[in-house]
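With the working numbering, letter number 108 in the sequence shown gets 97, and the count goes up by one each step, no holes. Even glycine gets a Cβ: it sits at the ideal position worked out from N, Cα and C. It should be emphasised that the depicted structure is a prediction, and the values quoted were computed from it without experimental measurement.
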Amino acid sequence: SMSFEHVIEDLFLMLGLDINTAKVFYAILRLGGRATVNDIIKVLGMSHSKVYKSLSELQRLGLIYSTASRPKMYFISDPNAILRVVQEHSAKLMKLAENVFNVVKVVSSSERVESLCTTLDSVKDVTEMLRYIIQRTQFELMLFMDRATLDEMEAELEEVCSRAFVHIVAPEIIDKMDRLLDYGCTLVSMRQYATRVVAISDGVRTLIAPILQLKINPYERAIYVENEDVAHITSAYFYHRVYASTLVTKHRVVEKRSYVFKSILPAIEFSRLALREGYELYTEVEGLYTYSYDRAVLKGYIYDAFSKQKRGVHGLLVVTPQGLYSVGGFRAFIEDISASTIRIVPTSLPIDVSR
């Protein structure tokens, strides 16, 4: 049978709380339901900061309370209060699990773009659920969350999303599983190819997301554009395989803001616009040298941006202290470098790249 400590750890993990919080709670129990910070540190050998973080989380949930004595003493709450917390959490979790199940069901079976979008609203356990979905799907997901939840969870969500092709956005869509277009959102453009691109605009924000059904990792992330007019969306092809789905927007170029592109075409569109407006474009490019497939990292300035759509030649010319390089896209072979990430910072004066 499981030890009581493991039972508590399991319960806490199910509630979306971390293992340290469970350990601190169990330590207070072992110490007779009352303990100071130093008592807990002695029992667990955990760092001060971790113990404090867990204690504040336990207090926030109402699982423990403290007295104003010196040193501060922490007590386990009334068992009924604890049961209430667990029940409330479980109810939220059940609702969330149902929501997630619906997403997974839709993602794994449906061809309809609309239903690949759902609304999630709950507290921190969303991140656990996201991890679960992310690990088990090869799709790009769009998850709509209400603004308050999004703000509350920003840091955790960023961390989860940084490891997968997931884009979370909070348009004014609250609880419409089956209908994407609600509360003044308009679908701007959608193409039914191997890559399906969806653009949703509510007049303030525009969400662009390719939904890829390829076995390879979708290499184009959803792009979220604030206050932009979506001009049009194109899909470029390369030997009958989708090589990029590209959004062309009327960008606003903001000085010193960092723009990151995962695809060459939006980077070219953006560079042309910014060069026309007279900005210097500092850039950092990560990718591979096309002749050796060694890893390449360039730092320099964009000298020119060219795009010959019909010939399939797209590139940036980048001036670095080491010389001039041509940078192409995901499957470049004519250019010097095949880029995976292009970061561009518009400035009015050149940055010293020789350092």
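A straight line joining the alpha-carbon of ALA328 with that of SER252 spans about 8 Å. Counting along the chain, PHE295 sits inside the beta strand (DSSP E) bounded by residues 284 to 297.
Assignment of SER55 by DSSP, reduced to helix, strand and coil, places it in the strand class. Secondary structure of PRO310 (DSSP, three-state): coil.
Between THR272 and ILE340, the CB-CB gap reaches or exceeds 8 Å. Measuring C-alpha to C-alpha distances from LYS288 to each of GLY318, PHE(-7), TYR282 and VAL308 identifies VAL308 as the nearest.
Within the model, the alpha-carbon separation for ARG246 versus SER337 is close to 12 Å. In terms of Cβ geometry, ASN9 and LYS39 form a close pair [threshold 8 Å]. Around the beta-carbon of ALA57, fewer than 16 other beta-carbon atoms lie within 10 Å, marking it exposed. Taking LEU305 as the centre and dropping the five residues before and after it, the same chain places the C-beta of ALA256, ILE257, SER260, ILE291, ALA294 and VAL316 closer than 7 Å to its C-beta, in chain order. Between VAL26 and LYS61, the C-beta gap is smaller than 8 Å, which places the two residues in contact.
Each of ILE333, TYR282 and PHE322 was checked against the Cα of LEU264, and the nearest Cα belongs to ILE333. Per the coordinates, the alpha-carbon of LEU2 lies some 24 Å from the alpha-carbon of ASP28. Here the alpha carbons of VAL242 and LEU6 stand approximately 41 Å from one another.
Here PRO335 really is in contact with TYR268; their C-beta atoms are around 4 Å apart, less than 8 Å.
Spatial neighbours of HIS37 in its own chain (CB-CB distance under 8 Å, excluding positions within 5 residues in sequence) are listed in chain order as VAL26 and ILE30. When secondary structure is reduced to three states using DSSP, THR10 falls in the helix class.
Judged by DSSP in its simplified three-state form, SER36 adopts coil rather than helix or strand. DSSP places GLU244 in the coil class of the three-state scheme, outside both helix and strand.
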